[in-house]
Amino acid sequence: MSLTHEIRFTLNGVQRSATVGIEISALQLLRDVIGLTGTKYGCGEGECGACTIIVDGRSVNACLQFAVDCDGREITTVEGLSGDARAQALQQAFVAHGAVQCGFCTPGMMVQATHLLASQPRPDAAVAKRAIEGNLCRCTGYQKIVEAIVQAGESLAAGDVA
Ligand code: FES
Ligand code: FES
C-alpha cells in the first residue's frame, strides 16, 4: 500500500493541488504528475543542477525535495520565467554568446541565473561562476555561460533588452 498526501502550492503564480505518494520527489511531481517538463532530470542525486527550481525564494534541486514538502510553498520553474525581463536578457545573452549547445543544462542554468540577477543585478564573472557551480554543463566549458550572465546584467542595467 502506498501512502498519499494531498498538497496545495503555488506553481508559477497559479494555485495548484495534487495527490502525491510520500516517496515521490518535487521533480516527479512537476514532470510526471503536472506535465511540466522544462525542469530536467539529469542525475536524480543533487549533482547536476538540471532540475533547479525556486522554492520560496531559494534555489533548490527538485530531485532532492519530496513532493509532500511542496505543500504550502511557492514554486517557480523555468516555464514561469517567460514574462521575466531578467530571463529575457539571459536568453538573448545565451544565444549571443553561444552558451546553449545541446541545451540540456539550459533550463537549470536559466533558473539559477535569473535567481542570481534578482539578488545581484550586475554580477561580475566571479560571482556568476560561483552562482552556477552546482549546475553542470558537458558542452560549453562554462566560460560562455559566465560571459552570458555578466552580459545579461549589463544589458539590463543599460535598459538594453528587446
Ligand atoms: S537531476 Fe537534480 S541535481 Fe541532477
Ligand atoms: S549545453 Fe549541453 S550540457 Fe550544457
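According to the working numbering, the sequence shown is numbered sequentially starting from 3.
C-beta: ideal position from N, C-alpha, C; glycine also.
With respect to residue 152, residue 125 sits close: the two C-beta atoms are nearer than 8 Å.
In the three-state DSSP reduction, residue 20 falls in the strand class (E or B). Judged by DSSP secondary structure, residue 132 falls within the alpha helix (DSSP H) whose first and last residues are 127-133. Summarising the contact set, residues whose Cβ lies nearer than 5 Å to any heavy atom of ligand 2 are, in chain order, 103, 104, 106, 107, 139, 140 and 141. Residue nearest to residue 83 within the set 98, 40, 73 and 44 is 40 (criterion: CA-CA distance).
The beta carbon of residue 46 is closer than 6 Å to those of 65 in its chain, skipping five residues each way along the sequence.
Ligand 1 has a heavy atom closer than 7 Å to the beta-carbon of residue 44. Residue 29 places its beta carbon less than 8 Å from that of residue 53. Per DSSP, reduced to three states, the secondary structure at residue 108 is helical.
DSSP places residue 96 inside the alpha helix (DSSP H), whose first and last residues are 87-98. Going by beta carbons, residue 99 and residue 131 fall outside the 8 Å limit. Non-local beta-carbon contacts of residue 23 in its own chain, meaning distances under 6 Å to residues more than five positions away in sequence, involve 4 and 6 in chain order. By the Cβ neighbour-count rule, residue 105 is exposed, with fewer than 16 other Cβ atoms within 10 Å of its own. Residue pairing from DSSP places residue 55 in a beta bridge opposite 62.
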